Amino acid sequence: MSAHAPHLFRRPSGIYYIRLTIPKPVLTKFTLSSRDIRLSLKTTDKAEASILSYLLR
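One rule links them: number in this note's numbering = place in the sequence shown (from 1) + 83.
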């Protein structure tokens with residue numbers, strides 16, 4: 084597991100989110116307003132958020 088997780092970010096509420104990028108071949112098949120999906124990890128703990136993001140990627 085990487086120590087640096089650029090796909091993780093924390094909102095002002097303190098909750099961590101993960102940003103997943105949609106690949107271009109998939110993006111062309113659907114009408115989407117954004118190239119990425121943001122999901123709440125429902126935790127304020129950075130270590131737990133890192134583990135959850137690792138499992139989701």
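Note that the Cβ used here is the ideal one computed from N, Cα and C, for glycine as well. Here the structure is a predicted model, which is why all the values come from computation and not from measurement.
Note to self: Quick check on this structure: which residue in I134, L124 and Y137 has the alpha carbon closest to the alpha carbon of R93?
What the structure shows: The sequence position of residue 93 within the sequence shown is 10, counting from 1. Checked all of I134, L124 and Y137; the closest Cα to R93 is L124.
Checklist line | Straight-line gap, R121 to Y100 (C-alpha atoms, nearest Å) | finding: Stepping through the sequence shown from its first residue, residue 121 is reached at position 38. Stepping through the sequence shown from its first residue, residue 100 is reached at position 17. Taking the straight line joining both Cα atoms gives about 6 Å.
Notebook entry, point to check: Are the CB atoms of S133 and L91 nearer to each other than 9 Å?
Noted result: Position 50 of the sequence shown holds residue 133. Position 8 of the sequence shown holds residue 91. Closer than 9 Å, so yes.
Next item on the list: Could you tell me whether the Cβ atoms of T104 and D128 are closer together than 9 Å?
Entry: Position 21 of the sequence shown, counted from the first residue, corresponds to residue 104. Position 45 of the sequence shown, counted from the first residue, corresponds to residue 128. Taking 9 Å as the cut-off, the beta carbon of T104 is found no closer than this to the beta carbon of D128.
Check: What residues in its chain sit with their C-beta under 6 Å from that of L138, if we drop five residues either side in the sequence?
Finding: Along the sequence shown, read from residue 1 onward, the residue named residue 138 stands at position 55. The answer is none, since no qualifying residue turns up.
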